[in-house]
Each structure stands twice: as C-alpha cells, then as structure tokens.
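In the working numbering, the protein residues as written are -12 to 28.
Below is one structure, written out as structure tokens, with a few remarks after it.
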C-alpha cells in the first residue's frame, strides 16, 4: 500500500505523537519525508 510513496506525518500532542507514527511507518516500504507533533488548541 505504501510502497514507493513519500509520507508526511502530523501527530497530535494529546493523541498519537509523530515519532510513534513514524516508528510504525518504518515497517512499511514507504519513505517518511517529514514527521512532527503539533498541539491543536
């Protein structure tokens, strides 16, 4: 599903943070090009 895709990750400070999503995505064949954790107020 992610093979050959570039992935942008926007995590949530009160939800799932970006590094946690990035760790999961590293098990796929996609390329994480940007990952961050934001605070949505």
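The beta carbon of each residue, even a glycine, is placed where N, CA and C say it ideally should be.
Using a 10 Å radius around the Cβ and a threshold of 16 neighbouring Cβ atoms, would you call residue i buried or exposed?
i	result
residue -9	exposed
residue 2	exposed
Helix, strand or coil for residue i? Go by DSSP, reduced to three states.
i	result
residue -2	strand
residue 9	helix
residue 31	Any answer about residue 31 is impossible in this case: the structure gives the chain only from -12 up to 28.
residue -8	coil
Roughly how many angstroms lie between the CA atoms of residue i and residue j, to the nearest whole one?
i	j	result
residue 18	residue 11	12 Å
residue 0	residue 28	10 Å
residue 16	residue 8	14 Å
residue 4	residue 14	17 Å
residue -4	residue -11	13 Å
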